[in-house]
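Participant: My questions will all concern the structure given below.
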Amino acid sequence: MSVLWIVLVLVALQRLGELVYAQRNTRRLLAEGGREAGAGHYPLLVGLHAAWLIALAVFVPAETPPNWALLAVFVALQGLRLWVLASLGRYWTTRIITLPDAPLVRKGPYRLLRHPNYVVVAGEILILPLAFGAWELALAFSAANAVILAIRIRCEDQALAARRTATVSAGPVRSP
């Protein structure tokens, strides 16, 4: 199996595991009175990520040697992704779910950035294709991701606006 295929399988498995974790958290948050915002654009987000992986599998020859430095950057981004997930814990979800009176998480990367998960995702979508010489895919999917994230961040910020004054060092809800 080529390096490309190994990486794609690992990324796909990671994303599937995250979806299972996110769905469990989503169900629990909704059962606790959470509200979803931005459900209309969610299929676009999922579709973009699926299309990104499929495009890499279809358009990048399997024997393409990786740029190991860029692949190392991609691996480092996975560490940042885990930091985001660990910081949000049971409140992490791929959807925008808010609990009305819960304070925002202000720990981990959320001390430094308002939307660290989106920074990680933007980096991943750019770096992985570049690591295999697919600059056209990197540019196309980065542009599509920027459009979807502009919609998503606006929606998330509106959903969280009422709770911006409440903060907590270790606790509830901040969607990724």
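Under this note's numbering, the letters of the sequence shown match residues 1296 to 1471, in that order.
Every residue, glycine too, gets a C-beta built ideally from N, C-alpha and C.
With a threshold of 16 other CB atoms inside 10 Å of the CB of I1301, please say whether the residue is buried or exposed.
Facilitator: For this step, residue 1301 is matched to residue 6 along the sequence shown. Label assigned to I1301: exposed.
Participant: Pull up the CB-CB distance for I1422 and G1333, whole angstroms please, since I reckon it's below 8 Å.
Facilitator: Mapped onto the sequence shown, residue 1422 falls at position 127. Mapped onto the sequence shown, residue 1333 falls at position 38. Rounded, the Cβ-Cβ distance is 26 Å, inconsistent with contact.
Participant: Closest to L1340 by CA distance: which of A1426, A1457, D1452, I1420 is it?
Facilitator: Numbered from its first residue, the sequence shown carries residue 1340 at position 45. For the residues A1426, A1457, D1452, I1420, the minimum Cα distance to L1340 belongs to I1420.
Participant: Residue ranges of each beta strand (DSSP E) run of no fewer than 3 residues wholly in the stretch 1361–1406, ordered along the chain?
Facilitator: Correct list: 1391–1393.
Participant: With a cut-off of 8 Å on the beta carbons, I'd call F1427 and T1359 a contact; round off their distance for me.
Facilitator: Your numbering for residue 1427 matches position 132 in the sequence shown. Your numbering for residue 1359 matches position 64 in the sequence shown. Right, the Cβ-Cβ distance comes to about 5 Å (below 8 Å), so this counts as a contact.
Participant: So for E1358, helix, strand or coil by DSSP?
Facilitator: Translated into the one-based positions of the sequence shown, residue 1358 becomes position 63. In this structure, E1358 counts as coil in the three-state DSSP scheme.
Participant: In the DSSP assignment, what residue or residues form a beta bridge with R1330?
Facilitator: Reading the sequence shown from its first residue, position 35 is the one you call residue 1330. BP columns for R1330 point to T1393.
Participant: Please report the residue range of the alpha helix (DSSP H) in which L1455 lies.
Facilitator: By 1-based counting over the sequence shown, the position of residue 1455 is 160. From DSSP, the alpha helix (DSSP H) with L1455 extends over 1430–1455.
Participant: Taking the alpha-carbon of E1451 as reference, which of L1425, L1351, H1344, T1389 has the nearest alpha-carbon?
Facilitator: In the sequence shown, counting from the first residue as 1, residue 1451 sits at position 156. Comparing Cα positions, the closest option is T1389.
Participant: Would you mind stating whether E1313 and L1394 have Cβ atoms separated by less than 8 Å?
Facilitator: In the sequence shown, counting from the first residue as 1, residue 1313 sits at position 18. In the sequence shown, counting from the first residue as 1, residue 1394 sits at position 99. No; because the gap between Cβ atoms is not below 8 Å, this pair is not in contact.
Participant: Going by beta carbon distance, what residues of the same chain come within less than 6 Å of A1465, once the five residues before and after it are set aside?
Facilitator: Counting from one through the sequence shown, the residue named residue 1465 turns up at place 170. For A1465, the predicted model reports a pLDDT of 40, less than 50, meaning its position is unreliable; a value from the coordinates is still stated below. So the qualifying residues of the chain are K1402.
Participant: Suppose the cutoff is 8 Å on Cβ atoms and the five residues either side in sequence are ignored; what does the same chain contact list for R1351 look like?
Facilitator: Taking the sequence shown and counting its residues from 1, the one referred to as residue 1351 is at position 56. In the sequence as presented, Arg is not what sits at residue 1351; that position holds Leu. Once the five neighbours on either side are set aside, the close Cβ partners of L1351 are L1299, L1303, L1423, P1424, F1427, A1429, L1432.
Participant: State the Cα-Cα distance for the pair P1411 and Q1309, rounded to the nearest angstrom.
Facilitator: Position 116 of the sequence shown, counted from the start, is the residue given in the question as residue 1411. Position 14 of the sequence shown, counted from the start, is the residue given in the question as residue 1309. One C-alpha to the other measures close to 18 Å.
Participant: Exposed or buried, what is G1329 when buried is set at 16 or more other beta-carbons lying within 10 Å of its beta-carbon?
Facilitator: Looking up residue 1329 in the sequence shown gives position 34. Under this definition G1329 is a buried residue.
Participant: Is L1343 closer than 8 Å to I1443 when the C-beta atoms are compared?
Facilitator: In the sequence shown, the residue the question calls residue 1443 occupies position 148. In the sequence shown, the residue the question calls residue 1343 occupies position 48. Yes, these two residues count as a Cβ contact at 8 Å.
Participant: Just how far apart, CA to CA, sit A1454 and W1363?
Facilitator: What you label residue 1454 is simply residue 159 of the sequence shown in a count that begins at 1. What you label residue 1363 is simply residue 68 of the sequence shown in a count that begins at 1. Computed Cα separation, rounded: 40 Å.
Participant: In angstroms with no decimal places, state the Cα-to-Cα distance between L1473 and A1367.
Facilitator: Lying before the first or after the last residue shown, residue 1473 is absent from the chain, which here runs from 1296 to 1471.
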